[in-house]
Ligand SMILES: Nc1ncnc2c1ncn2[C@@H]1O[C@H](COP(=O)(O)O)[C@@H](O)[C@H]1O
Ligand SMILES: Nc1ncnc2c1ncn2[C@@H]1O[C@H](COP(=O)(O)O)[C@@H](O)[C@H]1O
Ligand SMILES: Nc1ncnc2c1ncn2[C@@H]1O[C@H](COP(=O)(O)O)[C@@H](O)[C@H]1O
Ligand code: NA
Ligand code: NA
Ligand code: NA
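Chains as they are written, first to last, in the numbering used here: chain A, 56 to 155; chain B, 56 to 155; chain C, 56 to 155; chain D, -11 to 320; chain E, -11 to 320; chain F, -11 to 320.
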């Protein structure tokens, strides 16, 4: 397949972290992101999705592997302590590598 | 990258299966989950998302690979026959393996 | 694990593309899909999710690798120019390969 | 009397509620992109259940519990018995699997809140007075049949089930029956209406009473879409179920009208009692069956309750049950 | 007369509807975190279309179809012709690509339901009577221009398109035009209002009529946010489009007022006719263009219809079209 | 007077608003599957804030700004001072970390719009007149305490923070305070109510006024569920905070009543002033703290404001503050 490896970073976090996360995503050079509301449960308890302010979001960002690494590390150093948050990377294949 | 392999199990199923699935997720030792409402179509027809009771959910669980294997197999043996359901595993990279 | 490799194609696009994308998904032989509304930002600007007609959707389709390849290429040749859209493939493991 | 039937039938068919239901069916059939987002559906449900419960509670406070408990007990009993009568018909006349017969029986013993609400609407439009406290019967009739249906299904159908399993399934069904959102909202709002009395009613009637009929109409637009989506499964359900899904409600309606008249309800209240007996659950019962009898085939019970009985009751059933009520009261 | 313009202009600008629209613009401009969730937007749309259709249908029943069909035919014709007049202006005066000219032409021939609804609100607040059945003109004017625009775009712009493609695109546009949610809700509710008549109206007016103006105000808060998000694209649209997006509606409004007067509508009805001619679609037309003319640039047609024409009509246009209506009626 | 307390206490506890709140708590405690979808919560919030703001603005127009600015300035001052008084208590009597003390102090200086709205509801039900323009005090009291709390937390608690950081955190807090959705809706709707005056009010009162109490009741159902979810954290919060979360509001309410009486408000207005002083924010303040003082422990401030102070004020507080108002007015 004429596809190119790229990294997708997924961030699940409380909605309060939205601005901080998007700022970070932009600052590592990502060209875009996708975001949606989710419910969840984790170390910081159950987070139902009925009040926007108390709920979770999932942010998915496709980037070049080095930028993904940078994003993960900055998430860890700057935001993990402050917010309920999970972040992980996965390998994907895209068609237009220049887009990311 | 100083990241660690982990498995993400994704379950797409009818909303009725919610409690059964979450019970299973807990019983294999997962420390958390993320959940959101989705529409879908599959072997059991189209499932639009207008009535909560008739709609689908997607559950995403990050766990250690052996626990993921266990989760998939118990889904297959205990729930696949009863509910409209799709489940799959994918490899991801996380920063704090002890969290999962 | 007694699992089988399969490909998941993820398509993030403007809601207007819904019918065109689902038609394509069907025509490459997929047996199902999962779909949900998302917000996003990309080359064509920020797409908030308050008006259905102006918002984004994310479509996830599990298929055999060759069908996935076909889907990606037809997305590229038929829809990439017309709609705000991102598409990518990732490898997953399923239990019932005959389902897809 | 025939003419009269035509009269109230026509009035019902031309009411905004029924017409919006039809519009919803049309929307699905012409593949319109009209969709009610899930939160809107949920919001409308919460509103309708709360409003009907609240008005019911205020009416109980007005009438005194003394006048309500007997008919409520009768309603509860009726809800428990209907599945026991439905099961043999479905099992032997319909040759359905035991688990499917049990699941369908549960649906017809339970009730459809929306049908009840549409019935109050119909009575109001037809100028027939009714006891607002009948909402209490709606509340007590939702769950018993579901529990009976689960018991039937587990005992008669599943061989693999031990007693422990049965007990846990029952406990789950009972919890869901009592803490499930529809019973909780209905009974809770009823208590609130009862406790807050006239003053509470005055304060909130611009919300719970005035816009009620319009909101119901909008909700039935959505229900039309939901029901019509199941029309495609009619063939799969088979002709026995189609007949059952219209004839059985009529029979139950007739019995319900007899009981309503026997326990001293007005013509309007008798109609509502008949409607409760005739209506089939299509939300609470399916949810319970998916959990407690997952081996039962959803197409069978959903198609008959949602795609046949519900539209039938809404359009032809309501006027028919009103006639039955008049007939028992000797005022045809 | 000048003074009068200022009077009704002020009344319009200080109405809750317009002020909430402005508040929405402000919310976007100060980057407030205020957001309307999508289901709320959809719920408000369903309510507004249903309410306006329902009232329109009841009004047609009242007036008799005989009085409605001629002006409705005129409205339909006008909707078909406006794009044919818009296209050359956009193509040659504006030097736009054929496909962009066709797409924009479709927007201006079609109508904005919200602008129409705001106009009825404006007339009510100004104490100007109008024919409620004008909602029928709204219903018939949404689609023709879209079909014409698609045809123009396909025939004049795309060279790669064969006849089969053209036919399938047309079939799709026609289906979407007739089964699309806005036309379906509007026409469906109109039929329901027509069929259920006075009684239906009485039963539901506490929902469809009483809270209407407040709900519209809330909806315009959201529309203000949506429109203001496009303000950033104004530069990209270019100065020709900015002028077009205000001058063209005024010209169409003048013609619409003439026709409204000519076919015997009251001053209020004439105003509404002018408003329909002047308004530009920003929901149905963009959706159709994305599907049928995806090569057209959305920034151009969305910015002009949503960020210029809509706010212009809402604030300055409505009083202006009312004045035009008075002028044609000789009662300035 | 004791008897009187029991009277209005009973009336409050048996109002639909409070009973629906209790029902919400019950729903959570029995693990019901009842859930309000997020868009419904947001829609209800938008409605309540807009309605209360709109009515407030119309009342200001009626009373004249001259009568409003002095009490508004007093409210603003009080909001600024309460955190300065709360901080030492929390820090030294409660032995909380500086950042937690600052965060909690911000919550108690700020206000809960829902508590205020429930208070107007309570007064209306009790037949106590009040100045509708008190909504202006609600608007000015939300933000100052948040800014003060952030300053306290940053200056007294964080050692790593430089001046640049502090300034940017303050700028962010100020922006969020002024452009945040609650202040924007409240102040915006107030301006609209002020500008559109009597006519605007007439046009929209069937939406903004009539159904208000019922919608509030429904909203409190949801708030009961949200508050009860935090009951499990009560132990974690510790007994000091439990005492603080009831005693501190009562003390502030007493001071607020004194000031309200001192600046010449009626008994009803004095009650509302006391309620504002007593109430604690549980939406705006937590959001601001998560952003500006993320090191503070959310369990502490959310549990005390949402799970203790809010229910306390709603049930026992409102009648108590009304009594305080009467006491200061010498009409017990
Ligand atoms: N093991 C997990 N699998 C999937 N999602 C998780 C997991 N743990 C946490 N999450 C998500 O991340 C959010 C924050 O996690 P936490 O900080 O652990 O409370 C949770 O609310 C979940 O939505
Ligand atoms: N091939 C597929 N790709 C993505 N999602 C699927 C697929 N098949 C099924 N699903 C999802 O899983 C749900 C249940 O599937 P089923 O049991 O096949 O009806 C569907 O409603 C879809 O949301
Ligand atoms: N780098 C990215 N990472 C994740 N999602 C993206 C990215 N770029 C674009 N998207 C999503 O795809 C949609 C369309 O992208 P575009 O065509 O670039 O505007 C956006 O609205 C986002 O939801
Ligand atoms: Na029944
Ligand atoms: Na037009
Ligand atoms: Na306070």
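All C-beta atoms, glycine included, are put in the ideal place defined by N, C-alpha and C.
Mind checking whether the beta-carbon of residue i lies closer than 8 Å to any heavy atom of ligand 3?
i             : result
residue 111/C : yes
residue 186/E : no
residue 68/C  : yes
How about residue i: is its Cβ closer than 8 Å to a heavy atom in ligand 6?
i            : result
residue 96/F : yes
residue 75/B : no
residue 67/F : yes
Less than 9 Å between CB atoms is the rule here; does residue i satisfy it with respect to chain I?
i             : result
residue 121/D : Included in the structure are the protein chains A, B, C, D, E and F, with no chain I among them.
Apply the 10 Å Cβ neighbour rule to residue i and answer buried if 16 or more other Cβ atoms are within range, or exposed otherwise.
i             : result
residue 316/F : buried
residue 82/F  : buried
residue 319/D : exposed
residue 250/F : exposed
residue -8/D  : exposed
residue 102/E : buried
residue 23/D  : buried
residue 299/D : buried
residue 153/A : exposed
residue 43/F  : buried
residue 407/D : Here chain D comprises residues numbered -11 to 320, so residue 407/D is not present and cannot be evaluated.
residue 278/D : buried
residue 351/F : Because chain F in this structure spans residues -11 to 320, residue 351/F falls outside the shown range and cannot be described.
residue 210/D : buried
residue 136/F : buried
Measuring from the CB of residue i, is there a heavy atom of ligand 1 at a distance below 8 Å?
i            : result
residue 93/A : yes
Answer yes or no: do residue i and residue j have a C-beta to C-beta separation smaller than 9 Å?
i             : j             : result
residue 63/C  : residue 145/B : yes
residue 265/E : residue 241/E : yes
residue 223/D : residue 290/D : no
residue 61/A  : residue 141/A : no
residue 130/F : residue 165/F : yes
residue 198/D : residue 199/F : yes
residue 313/F : residue 276/F : no
residue 92/E  : residue 292/E : yes
residue 305/D : residue 7/F   : no
residue 111/D : residue 117/D : yes
Closer than 6 Å by C-beta to residue i: which residues in its own chain qualify, once you throw out the five before and the five after it? Chain order, please.
i             : result
residue 88/B  : 80, 114 and 116
residue 3/E   : 113
residue 13/F  : 212 and 216
residue 325/E : For chain E, the structure presents residues -11 to 320; residue 325/E sits outside this window and is missing.
Can you name, in chain order, every residue of its own chain whose Cβ lies under 7 Å from the Cβ of residue i, other than the five neighbours on each side?
i             : result
residue 75/A  : 134
residue 247/E : 62, 66 and 261
Is the closest heavy atom of ligand 4 to the C-beta of residue i under 8 Å?
i             : result
residue 99/D  : yes
residue 129/D : yes
residue 170/D : no
Does ligand 5 have even one heavy atom less than 8 Å from the beta-carbon of residue i?
i            : result
residue 70/E : yes
Can we count residue i as close to ligand 2, meaning its CB is less than 8 Å from some heavy atom?
i             : result
residue 117/C : yes
residue 62/A  : no
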